[in-house]
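Have a look at the structure below, then the notes.
There are 2 protein chains.
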Amino acid sequence: MDEQVELPRVLQQLWGIEGPARPGPKPAFHLSDIGQAAIRLADTGGLAAVSMSKVAAELGFTTMSLYRYVDSKDDLYAVMLEEAFGEAPEPVAGQAWRGRITGWAEAFRDSLRQHPWILQVPVSEPPLSPNQLTWMESALQAFDGTPLTANERLSSMLLVNIYVRGTMQLTLTMLTQTAEEAATAGRLYNQRLRLLATEDRFPAIAAGVQQPNSVDDLDLDFEDDGFRDGLGTVLDGIQVRIDRQSPIDRKARKAPTDRQG
Amino acid sequence: MDEQVELPRVLQQLWGIEGPARPGPKPAFHLSDIGQAAIRLADTGGLAAVSMSKVAAELGFTTMSLYRYVDSKDDLYAVMLEEAFGEAPEPVAGQAWRGRITGWAEAFRDSLRQHPWILQVPVSEPPLSPNQLTWMESALQAFDGTPLTANERLSSMLLVNIYVRGTMQLTLTMLTQTAEEAATAGRLYNQRLRLLATEDRFPAIAAGVQQPNSVDDLDLDFEDDGFRDGLGTVLDGIQVRIDRQSPIDRKARKAPTDRQG
DNA sequence: CGCACACTGTGTGCGCCATACACAGACCAT
DNA sequence: ATGGTCTGTGTATGGCGCACACAGTGTGCG
Chain L
1 MDEQVELPRV
11 LQQLWGIEGP
21 ARPGPKPAFH
31 LSDIGQAAIR
41 LADTGGLAAV
51 SMSKVAAELG
61 FTTMSLYRYV
71 DSKDDLYAVM
81 LEEAFGEAPE
91 PVAGQAWRGR
101 ITGWAEAFRD
111 SLRQHPWILQ
121 VPVSEPPLSP
131 NQLTWMESAL
141 QAFDGTPLTA
151 NERLSSMLLV
161 NIYVRGTMQL
171 TLTMLTQTAE
181 EAATAGRLYN
191 QRLRLLATED
201 RFPAIAAGVQ
211 QPNSVDDLDL
221 DFEDDGFRDG
231 LGTVLDGIQV
241 RIDRQSPIDR
251 KARKAPTDRQ
261 G
Chain D
1001 MDEQVELPRV
1011 LQQLWGIEGP
1021 ARPGPKPAFH
1031 LSDIGQAAIR
1041 LADTGGLAAV
1051 SMSKVAAELG
1061 FTTMSLYRYV
1071 DSKDDLYAVM
1081 LEEAFGEAPE
1091 PVAGQAWRGR
1101 ITGWAEAFRD
1111 SLRQHPWILQ
1121 VPVSEPPLSP
1131 NQLTWMESAL
1141 QAFDGTPLTA
1151 NERLSSMLLV
1161 NIYVRGTMQL
1171 TLTMLTQTAE
1181 EAATAGRLYN
1191 QRLRLLATED
1201 RFPAIAAGVQ
1211 QPNSVDDLDL
1221 DFEDDGFRDG
1231 LGTVLDGIQV
1241 RIDRQSPIDR
1251 KARKAPTDRQ
1261 G
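Chains as they are written, first to last, in my numbering: chain L, 1 to 261; chain D, 1001 to 1261.
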């Protein structure tokens, strides 16, 4: 009853696993060519601008020829992600965990800023492609030297990952707009919110919108400072986890039983 | 240069804003009928099962008749969300902020569990519909009594919001599968990861996968305990924010200058 | 009372999409 | 040299969101 551990074709190719030499014509291009062409389209027109026919046209081939390289559009997405992220940046040595994971988060954010369509890619499966794993590895290494257990490192990484994705999702609309458009959109939202969130039914919202520009900030301020602040809060939470684990300056509340540090 | 503060048609209808009586036949049904029909489809077949024609068929009408009620498919999504979430649950009185926001987060999570397709709905605009605002209001009220500023409450709310969405996104696949399928999928992922993440190139990942079931947990453990743990970490971070604001048992590190407490 | 007209539901049609399938030619192992 | 397999291609199918023109309906106004 062994399971189907064999990788899907895309993953095999992304990992550079190649079968023995075979007869027939050589492929005209490489997976990464397809990925780059698709990314070119997505960067300018959003993920909606990526279709099999458009990508094929971008490469100067017919639609169906793409299916010789990629089994489905989901596979195309996988290739795009792999190409867009590239290899994870090496963490700066000599930093504490907080500096390391902050650097990772900012690199991640920068990738999303450069390729906002990433946030629109429907996520179907957990990451298994090479570059995705390098990013995962890099994030996990940030917690080297902390007393966190393996599981805690995983969930801490996920926390940071989720934070970056989530905040960038909020600013997604802005990323594809000019600063001007984004500003007026934010002001419009603020006005409408002030109109609808009456003080009797929505006191807390009303209190938040009362001071001008406050809800603008809700989206706009995530430009840079807001990002760092929010990330800091998440990391503060992780720090609490760490303090709880390490009996250095604080008595361990409950000794971890089964887990290995 | 006043801007277009007037609401789009869907929002007007969702808020129950109606113009004066008009000639012509009365509409055959209500927006919420459409929403419920669409939700019925999405709950069983995922968001992909929702198309204008399918929804119309579900109601016993033709495709194009839907456009008399809804200007676009995005509008349909808005109606679905509004209907699926319903009004936010009242926070339990007499709890501290932590208990209140935890209750809110769990209610939010439960909504996502019941309607996993929510996570697939492309988010285009910030929330302005009535029920969405009640959820926003409810979350903000959870921070009543804390020394957090209005902006800090907003960003804390977003943090929790993002956390819930993010973690549920990870378990999305599981939500639509049977427990058995999910388990084998998790085991398969674990196996593949162990195969690819070799110790030389991916030491941190390898360390995480070494102990059996650890990466299963990465997804599976979010069933209940993992959710609470992660949420606890996020709230710990917010607690640090609160402590920093309140000079009760801790000297204010840096007096907030411009902001009002 | 009647009538004009806005509104309802409908049918048809367009352009786009992902992708199944059959085919012609190219190329390599044998 | 040749057989088999691979490549790129052309055609076709079923679905999608939505624009538009049309016929009937019932209400507000004269």
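Ideal Cβ positions, reconstructed from N, Cα and C, are used throughout, including at glycine.
Asked: Terminal residues of the continuous alpha helix (DSSP H) containing K1073 (chain D)?; Found: 1073–1085
Asked: In angstroms, rounded to a whole number, what distance separates the CA positions of G1145 (chain D) and A179 (chain L)?; Found: 36 Å
Asked: I need the straight-line Cα distance from N131 (chain L) to G226 (chain L), nearest angstrom please.; Found: 28 Å
Asked: Answer yes or no: the CB of S1111 (chain D) versus the heavy atoms of the ligand GDP, is any distance below 6 Å?; Found: As far as ligands go, the structure on display features none, and thus does not contain the ligand GDP.
Asked: Output, in chain order, the set of chain L residues within a Cβ distance shorter than 7 Å of E1137 (chain D).; Found: F202, A204, I205
Asked: Could you check the C-alpha separation between F1061 (chain D) and P1027 (chain D) for me, to the nearest Å?; Found: 12 Å
Asked: Counting along the chain, where does the alpha helix (DSSP H) carrying P130 (chain L) start and finish?; Found: 130–141
Asked: Which residue marks the beginning of the alpha helix (DSSP H) containing E1058 (chain D), and which one marks its end?; Found: 1052–1059
Asked: Let me confirm a value: H30 (chain L) is counted as buried when at least 16 other C-beta atoms fall within 10 Å, else exposed. Which label applies?; Found: exposed
Asked: Show which residues of chain D have a CB atom less than 9 Å away from the CB atom of G24 (chain L).; Found: None at all; the shortest Cβ gap to chain D is about 29 Å.
Asked: Run through chain L and tell me which residues come within less than 7 Å of L1140 (chain D), C-beta to C-beta.; Found: A204, I205, G208
Asked: Let me know the secondary structure DSSP gives W1015 (chain D) once reduced to three states.; Found: coil
Asked: Can you round the beta-carbon distance between L188 (chain L) and I238 (chain L) to whole angstroms, since I take them to be within the 8 Å contact cut?; Found: Not really, about 37 Å apart at Cβ, beyond 8 Å.
Asked: Is the shortest distance between the beta-carbon of I1242 (chain D) and the beta-carbons of chain L less than 7 Å?; Found: no
Asked: Let me check understanding here. Comparing Cα to Cα, which of L:S155, L:V50, L:P89, L:G94 lies closest to V79 (chain L)?; Found: L:V50
Asked: Taking C-beta to C-beta, are S1111 (chain D) and F1085 (chain D) nearer than 7 Å?; Found: yes
Asked: Can the beta-carbon of G1166 (chain D) be found closer than 7 Å to that of I162 (chain L)?; Found: yes
Asked: Among the residues of its own chain, which have a CB less than 7 Å from the CB of T134 (chain L), if the five just before and after it don't count?; Found: E87, A88
Asked: Give me the chain D residues within the contact set of W15 (chain L), using Cβ-Cβ distance strictly less than 9 Å, ordered along the chain.; Found: L1196
Asked: Judging by CA-CA distance, which residue of D:R1022, D:E1082, D:L1154 is the nearest neighbour of I1039 (chain D)?; Found: D:E1082
Asked: Give the DSSP-derived three-state secondary structure of F1029 (chain D) in the structure shown.; Found: coil
Asked: Where D236 (chain L) and S138 (chain L) are concerned, what is the direct C-alpha to C-alpha distance, given to the nearest angstrom?; Found: 20 Å
Asked: Using a threshold of 7 Å, state whether the C-beta atoms of Q1120 (chain D) and L1047 (chain D) are closer than that.; Found: yes
Asked: I need the straight-line Cα distance from R1153 (chain D) to Q1141 (chain D), nearest angstrom please.; Found: 9 Å
Asked: Given that a residue counts as buried once 16 or more other Cβ atoms are within 10 Å of its Cβ, and exposed if not, what is V1005 (chain D)?; Found: exposed
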